[in-house]
Every structure is written in C-alpha cells, then in structure tokens.
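Quick note: the sequence shown, position 108, residue 1517 per my numbering, numbers continuous.
Every residue gets a Cβ at the ideal spot worked out from N, C-alpha and C, and that includes glycine.
Here's the structure we're looking at; comments come further down.
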Amino acid sequence: MQSSTDHGGVPSRAVDGDRNSAWARGSCTHTYGEAAPWWQVDLGTTKSIAEVLIVARGGGGVERLWSNTFELLIGDQSNGSNPKCGDRHAVLPYDMISIECNPRMSGRYIRIVLITAFDALTLCEVEVYTD
C-alpha cells in the first residue's frame, strides 16, 4: 500500500522481484506529489528484520530519493507510527541502498516515508531480509 498512486505506479511494483530502475520498464511505484508520501509492505507476521534493500528510480525523477531524505519505519502498527531504523537515509539515482538496523528491529510493517519535501515517492524495488 502507499499514500496515493499516480501514473499507474501501483505499490506492488516495488515487490515484483525486478530491480530494474527504468520507469519505462513498468516496475516502479509512483505516488502523487504530496507532503510526506509513503510506501508500506505488510509481511503478514512479525519478523526480525536483518536488512532492507531499496532500489532507486532511474530516468526522469531520479533525484527524489537522493535530494530528499527518507525514513525507514519498522514495527507492528499499520498506521505509520512505528519507530525509525537509523536516522534519515538517501540513495543516489540508479543505485540501491542496503539498510541494516542497529540494534536489530522486529515488525510486521515496513514503511518508507519521504520526509524533506512536497514531492512524489517512487521506488523500483524493496527487498526485506529476515532472520
């Protein structure tokens, strides 16, 4: 699920197993331009999270996760009130970032929130690794 959907960028695209960052390939999500857009995945049950890998979009809009920092929230609340993993994160265009929480966190919901601008959130892949 995500805060909104624009340009056909449905939230399931971020978990389709395709790390390609080209928008034209049809494998990236896209929200409307809004304050604090977010994307979230439900793991079904509470899991110990070892790592979250995020693939940034290439092509137009590449700066969105680079110039605007984001937070990674992990926990059992579906409403986005979960604790942060680390501080603010950023990832370069066409690149990916691997985030490991220290200390290790557990949760059912993983949420990515763009926090520094009124903009769209676009993700091309999110992989959650558990113990």
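- In this structure, G1495 and R1520 do not form a Cβ contact; the two beta carbons are roughly 14 Å apart against a cut-off of 8 Å.
- Note on D1528: 16 or more other CB atoms within 10 angstroms of its CB, so buried under the neighbour-count rule.
- A distance below 8 Å between beta-carbons, with the five flanking residues on each side excluded, links G1453 to the following residues of its chain, in chain order: R1517.
- Taking 8 Å as the cut-off, the beta carbon of V1419 is found no closer than this to the beta carbon of V1535.
- When C-alpha distances from A1431 are compared across D1504, N1477 and P1512, the shortest belongs to D1504.
- Less than 8 Å divides the Cβ of W1447 from the Cβ of S1412.
- Here V1419 carries a coil assignment [DSSP, helix/strand/coil].
- When DSSP states are grouped into helix, strand and coil, A1444 belongs to the strand group.
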